[in-house]
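*Asks:* Pasting a structure here, questions to come.
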Amino acid sequence: MPLFGAIEAGGTKFLCALGENPAEPRDILRIATSKTNPLDTMREVIRYFEDRETVAAIGIASFGPLRLREGRIGATPKDAWKEYPIQQAVEWGLGLPTVLETDVNAAAVGEAVAGAGLGIDDFAYVTVGTGIGVGIVTNGRLVHGTGHPEMGHIPVERHPKDEFAGCCPYHGACLEGLASGEAMNARWSVRAEDLPQFHEGWTIEAFYLSQLCRSLAYGTAPKKVLLGGSVATSPGLPAAVADETTRRMNGYGVVPEIEAPKLAYPALTGALELARRRHGK
Ligand SMILES: [Zn+2]
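Adding 59 to a residue's 1-based position in the sequence shown gives its number in this note's numbering.
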C-alpha cells in the first residue's frame with residue numbers, strides 16, 4: 060500500500076504525519092508556527108519529509124482563509140502568512156503531488172472516512188477554537204462553492220445578558236466574534252477550557268452555537284453536526300446546544316443530532332485521505 064503524507068497547518072503549531080491507512084496517522088511531529096517568517100516553519104516541514112520514506116502525495120490541511128485554486132493562504136490576520144503560497148512551498152520543496160484544503164474541511168473528510176461521519180452523506184463539522192470553522196458535507200461531498208464556506212462568520216442574535224462587543228476583526232459581533240475561544244477568553248478573562256462547567260458562559264455559548272446549528276439545519280439539512288475544537292470539549296456543551304437548537308427550531312424541520320467528533324486527529328486523517336485521492340487521480 061502506498062505511503063502518504065499529511066500536514067496540519069495551524070496558527071500556533073504545524074503537525075506532520077505519515078500513513079498508509081488514513082485512519083492511522085503516525086510519526087506525528089509538532090513544529091511551532093513562526094509568527095514572523097513562514098520559511099522558518101516550512102524549512103522544518105520539508106526536512107521532516109526529506110528525512111523519511113518517500114510518500115506518494117501530501118495532503119495539506121491549513122488554517123484559513125485560503126485561496127484554494129491558487130494554493131495560497133488569503134487575508135489572514137497572521138500578517139507574515141498573508142498571501143503565502145503554502146501549497147507551492149511544499150510541492151516545489153519536495154517535488155511531490157500535493158492537495159490543499161482548509162483544516163476544518165479536512166477534519167470533515169477525516170470524520171467521514173473514519174469517525175463520527177462514517178456512512179453518513181450529510182453532516183457538518185464545526186470547530187470552536189481560537190476561531191470558528193465549519194466544514195459541510197452534502198451528498199457525500201464537501202461544499203466548496205467559489206472557495207470555501209465561512210459559516211463561522213454568520214450574524215447572530217445577541218444574548219440578552221451579553222454585553223461583550225465581539226472580537227471579529229471583520230464583523231465585530233458575528234458568531235466567531237461572540238462565541239470563539241478568543242471571545243470567551245476576552246469576555247470572562249479566563250480560557251474557555253478553564254471556565255467551570257456550570258458557569259453561565261456555557262449557557263451563552265450554547266445560545267450562540269445553536270443559531271449556527273439552526274442555520275445548518277435549514278441550509279443543508281445535515282443528519283449530524285459534529286462539535287469539535289478546544290472549546291467544544293467542555294462536557295455538557297453538545298447536549299446544551301442540542302436542547303437550545305430544538306427550542307429555536309420550535310418543531311419546524313428536522314433537528315440534527317449534535318455530538319462530539321470521534322477522531323484524535325481528524326484533520327491529519329482527512330489530509331491523508333485527500334492525499335490518497337490525489338494519488339489515485
Ligand atoms: Zn466575523
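Note that the Cβ used here is the ideal one computed from N, Cα and C, for glycine as well.
Can you tell me whether leucine 257 is buried or exposed, with buried defined as 16 or more other CB within 10 angstroms of its CB?
*Replies:* By 1-based counting over the sequence shown, the position of residue 257 is 198. A small correction: the amino acid at residue 257 is phenylalanine; leucine does not occupy that position in the sequence shown. It counts as exposed.
*Asks:* Nearest CA to the CA of tyrosine 324: which residue from Pro61, Arg89 and Met60?
*Replies:* Position 265 of the sequence shown, counted from the start, is the residue given in the question as residue 324. Answer by Cα proximity: Arg89.
*Asks:* Is DSSP giving alanine 115 helix, strand or coil here?
*Replies:* For the purposes of this step, residue 115 is taken as residue 56 along the sequence shown, with counting starting at 1. Alanine 115: coil per DSSP, three-state reduction.
*Asks:* With respect to 7 Å, is the separation between the Cβ of cysteine 226 and the closest non-hydrogen atom of ligand 1 below this value?
*Replies:* Within the sequence shown, the letter at position 167 stands for residue 226. Checking the Cβ of cysteine 226 against ligand 1 gives no.
*Asks:* Going by C-alpha distance, which of Glu150, Ala116, Val114 and Ala115 is nearest arginine 131?
*Replies:* In the sequence shown, the residue the question calls residue 131 occupies position 72. For the residues Glu150, Ala116, Val114 and Ala115, the minimum Cα distance to arginine 131 belongs to Glu150.
*Asks:* Taking valine 290 as the reference, give the member of Ala280, Tyr311 and Ile263 with the closest Cα.
*Replies:* Counting from 1 along the sequence shown, the entry for residue 290 is found at position 231. Of the listed residues, the one whose Cα sits closest to valine 290 is Ile263.
*Asks:* Taking 7 Å as the cut-off, is the C-beta of histidine 230 nearer than that to any heavy atom in ligand 1?
*Replies:* Walking along the sequence shown from the start, residue 230 turns up at place 171. The answer is yes for histidine 230.
*Asks:* Taking the straight line between their C-alpha atoms, what separation do you get for valine 300 and asparagine 164?
*Replies:* Here residue 300 refers to the residue found at position 241 when the sequence shown is read from its first residue. Here residue 164 refers to the residue found at position 105 when the sequence shown is read from its first residue. Distance between the alpha carbons of valine 300 and asparagine 164: 22 Å.
*Asks:* So is the beta-carbon of histidine 212 under 7 Å away from any non-hydrogen atom of ligand 1?
*Replies:* As a working note, residue 212 is residue 153 in the sequence shown. Within the cutoff, so yes.
*Asks:* Considering Cα atoms alone, identify which of Asp162, Val193, His338 and Leu127 is closest to threonine 205.
*Replies:* One-based indexing of the sequence shown puts residue 205 at position 146. Ranking the options by Cα distance to threonine 205, first place goes to Leu127.
*Asks:* For the region 321-339 and the region 169-176, state whether three or more C-beta atom pairs, one from each stretch, are separated by less than 8 Å.
*Replies:* Short answer: they touch.
*Asks:* Does the distance between the C-beta of glycine 236 and the nearest non-hydrogen atom of ligand 1 fall short of 7 Å?
*Replies:* For the purposes of this step, residue 236 is taken as residue 177 along the sequence shown, with counting starting at 1. Yes, ligand 1 has a heavy atom inside 7 Å of this Cβ.
*Asks:* Do three or more CB pairs link the region 67-78 to the region 106-120 at distances below 8 Å?
*Replies:* Segments in contact, yes.
*Asks:* Between which two residues does the beta strand (DSSP E) holding cysteine 272 run?
*Replies:* Translated into the one-based positions of the sequence shown, residue 272 becomes position 213. Per DSSP, cysteine 272 belongs to no beta strand (DSSP E); it is in the alpha helix (DSSP H), 259-279.
*Asks:* Quick check on glutamate 252: does DSSP put it in helix, strand or coil?
*Replies:* Counting from 1 along the sequence shown, the entry for residue 252 is found at position 193. Helix at glutamate 252.
*Asks:* Considering only the beta carbon of each residue, do lysine 282 and glutamate 318 sit closer than 8 Å?
*Replies:* Numbered from 1 along the sequence shown, position 223 holds the residue referred to as residue 282. Numbered from 1 along the sequence shown, position 259 holds the residue referred to as residue 318. Cβ distance not < 8 Å, so lysine 282 and glutamate 318 don't count as in contact.
*Asks:* I believe alanine 166 touches glycine 194 by the beta-carbon criterion, under 8 Å. Please report the beta-carbon distance rounded to the nearest angstrom.
*Replies:* Counting from 1 along the sequence shown, the entry for residue 166 is found at position 107. Counting from 1 along the sequence shown, the entry for residue 194 is found at position 135. Going by Cβ atoms, the distance from alanine 166 to glycine 194 rounds to 6 Å, so yes, they are a contact pair.
*Asks:* Write down the C-beta distance between serine 274 and isoleucine 179 rounded to the nearest angstrom, noting that I regard them as a contact closer than 8 Å.
*Replies:* Numbered from its first residue, the sequence shown carries residue 274 at position 215. Numbered from its first residue, the sequence shown carries residue 179 at position 120. Serine 274 to isoleucine 179, Cβ: 19 Å. No contact.
*Asks:* Which residue spans inside the region 144-199 form an unbroken beta strand (DSSP E) run of at least 3?
*Replies:* Listed in chain order, the complete beta strand (DSSP E) runs (minimum 3 residues) inside the region 144-199 are 157-161, 182-187 and 191-197.
*Asks:* With H, G and I counted as helix, E and B as strand and the rest as coil, what does DSSP make of alanine 299?
*Replies:* Here residue 299 refers to the residue found at position 240 when the sequence shown is read from its first residue. Note: alanine 299 maps to helix in three-state DSSP.
*Asks:* Under three-state DSSP, which class holds alanine 120?
*Replies:* Translated into the one-based positions of the sequence shown, residue 120 becomes position 61. Strand, per DSSP.
*Asks:* Does DSSP classify glycine 287 as helix, strand or coil?
*Replies:* To locate residue 287, count along the sequence shown from 1; it is residue 228. Reduced to three states, the DSSP call for glycine 287 is strand.
*Asks:* Find out if the Cβ-Cβ distance for the pair isoleucine 191, glycine 211 is shorter than 8 Å.
*Replies:* Walking along the sequence shown from the start, residue 191 turns up at place 132. Walking along the sequence shown from the start, residue 211 turns up at place 152. Yes, Cβ-Cβ distance for isoleucine 191 and glycine 211 is below 8 Å.
*Asks:* For cysteine 233, which of Glu259, Arg250 and Leu271 has the nearest alpha-carbon?
*Replies:* For this step, residue 233 is matched to residue 174 along the sequence shown. Closest option to cysteine 233, Cα to Cα, is Leu271.
*Asks:* If you drop the 5 nearest sequence neighbours on each side, which residues of the same chain put their C-beta closer than 7 Å to that of histidine 230?
*Replies:* On the sequence shown, residue 230 is found 171 positions in, with the first residue counted as 1. Hits under 7 Å: His212 and Gly236.
*Asks:* Count the C-beta pairs between the region 294-309 and the region 140-149 that are closer than 8 Å, then say yes if the count reaches three, no if not.
*Replies:* At 8 Å Cβ cutoff, the stretches do not touch.
*Asks:* In the DSSP assignment, the beta strand (DSSP E) including aspartate 86 goes from what residue to what residue?
*Replies:* Along the sequence shown, read from residue 1 onward, the residue named residue 86 stands at position 27. 85-91 is the extent of the beta strand (DSSP E) around aspartate 86.
*Asks:* How far does the beta strand (DSSP E) with glycine 78 in it reach, from first residue to last?
*Replies:* On the sequence shown, residue 78 is found 19 positions in, with the first residue counted as 1. Unbroken beta strand (DSSP E) run through glycine 78: 72-78.
*Asks:* Do cysteine 75 and ligand 1 come close, with the Cβ less than 7 Å from some heavy atom?
*Replies:* Residue 75 sits at position 16 when you count from the first residue of the sequence shown. Incorrect: cysteine 75 has no Cβ contact closer than 7 Å to ligand 1.
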